[in-house]
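Residue numbers (the working numbering): 16 to 177.
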């Protein structure tokens with residue numbers, strides 16, 4: 016299956032109607048990310064401690080003396096790389112928490128103006144008002160992408176004197 020060109024992918028994504036998430040859904044997603052963050056931190060700590068204990072145990076093990084230092088190096092590098100990978104995943108997840116932050120007041124005005132161009136924009140704003148929440152940063156790209164599919168109409172003169 017061939018990959019779609021970027022413009023075609025954007026066009027298909029802009030056809031998807033906007034549906035706002037409720038504050039309960041946003042809270043559930045945020046809590047899921049937070050629990051995964053704590054799980055990754057606990058896994059990193061456990062891996063580091065287990066690796067350090069194994070490396071410290073090797074001089075007292077039955078591994079031949081000629082191989083001991085090499086095995087310690089390999090285990091040390093493996094544990095270090097695994098811990099870095101887990102911490103990187105944790106950092107990526109913590110960056111995802113930014114999507115749940117409320118946007119600034121000026122950005123809210125811009126997003127409301129963009130929603131006026133979209134057919135479902137009024138219902139989107141009404142759903143936010145009914146849920147008594149503001150826009151969050153995770154919604155900005157979806158709203159902008161959807162508004163690009165509906166360019167603003169040019170102003171016409173009413174009197175016919177163009």
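Glycine included, each C-beta is placed from N, C-alpha and C at the ideal position.
Whole-number beta carbon distance between residue j and residue i, since they are thought to touch under 8 Å
{"i": "residue 161", "j": "residue 54", "result": "Their Cβ separation, rounded to whole angstroms, is 34 Å, which puts residue 161 and residue 54 out of contact at 8 Å."}
{"i": "residue 91", "j": "residue 70", "result": "6 Å"}
{"i": "residue 129", "j": "residue 159", "result": "6 Å"}
{"i": "residue 62", "j": "residue 101", "result": "7 Å"}
{"i": "residue 146", "j": "residue 37", "result": "5 Å"}
C-alpha distance - residue i paired with residue j, whole-angstrom precision
{"i": "residue 72", "j": "residue 96", "result": "20 Å"}
{"i": "residue 118", "j": "residue 148", "result": "11 Å"}
{"i": "residue 166", "j": "residue 125", "result": "15 Å"}
{"i": "residue 152", "j": "residue 113", "result": "7 Å"}
{"i": "residue 46", "j": "residue 77", "result": "46 Å"}
{"i": "residue 131", "j": "residue 108", "result": "33 Å"}
{"i": "residue 50", "j": "residue 81", "result": "44 Å"}
{"i": "residue 142", "j": "residue 154", "result": "14 Å"}
{"i": "residue 20", "j": "residue 52", "result": "34 Å"}
{"i": "residue 177", "j": "residue 163", "result": "Residue placement at residue 177 is flagged as unreliable, the pLDDT there being 49, under the threshold of 50; the coordinate-derived value follows with that caveat. C-alpha separation (whole angstroms): 28 Å."}
{"i": "residue 23", "j": "residue 121", "result": "31 Å"}
{"i": "residue 88", "j": "residue 58", "result": "21 Å"}
{"i": "residue 144", "j": "residue 123", "result": "13 Å"}
{"i": "residue 235", "j": "residue 68", "result": "No information on residue 235 is available, as it lies outside the stretch 16 to 177 that the chain covers here."}
Of the residues the options, the one placed nearest residue i, counting alpha carbons only
{"i": "residue 115", "options": "20, 35, 145, 31", "result": "35"}
{"i": "residue 65", "options": "79, 93, 38", "result": "93"}
{"i": "residue 168", "options": "79, 142, 133", "result": "133"}
{"i": "residue 99", "options": "56, 87, 44", "result": "56"}
Any C-beta of chain C under 8 Å from that of residue i
{"i": "residue 129", "result": "The structure shown contains no chain C; it holds only a single protein chain."}
Burial state of residue i (16 or more Cβ within 10 Å)
{"i": "residue 110", "result": "exposed"}
{"i": "residue 39", "result": "exposed"}
{"i": "residue 84", "result": "exposed"}
{"i": "residue 16", "result": "Legend: pLDDT at residue 16 = 48, less than 50; position of this residue unreliable, value from coordinates given subsequently. With fewer than 16 Cβ atoms within 10 Å of its Cβ, residue 16 is classed as exposed."}
{"i": "residue 75", "result": "exposed"}
Enclosing alpha helix (DSSP H) for residue i [first to last residue]
{"i": "residue 106", "result": "80–111"}
{"i": "residue 59", "result": "38–72"}
{"i": "residue 122", "result": "120–130"}
{"i": "residue 76", "result": "Element bounds for residue 76: n/a, residue is neither H nor E."}
{"i": "residue 161", "result": "155–163"}
{"i": "residue 137", "result": "136–145"}
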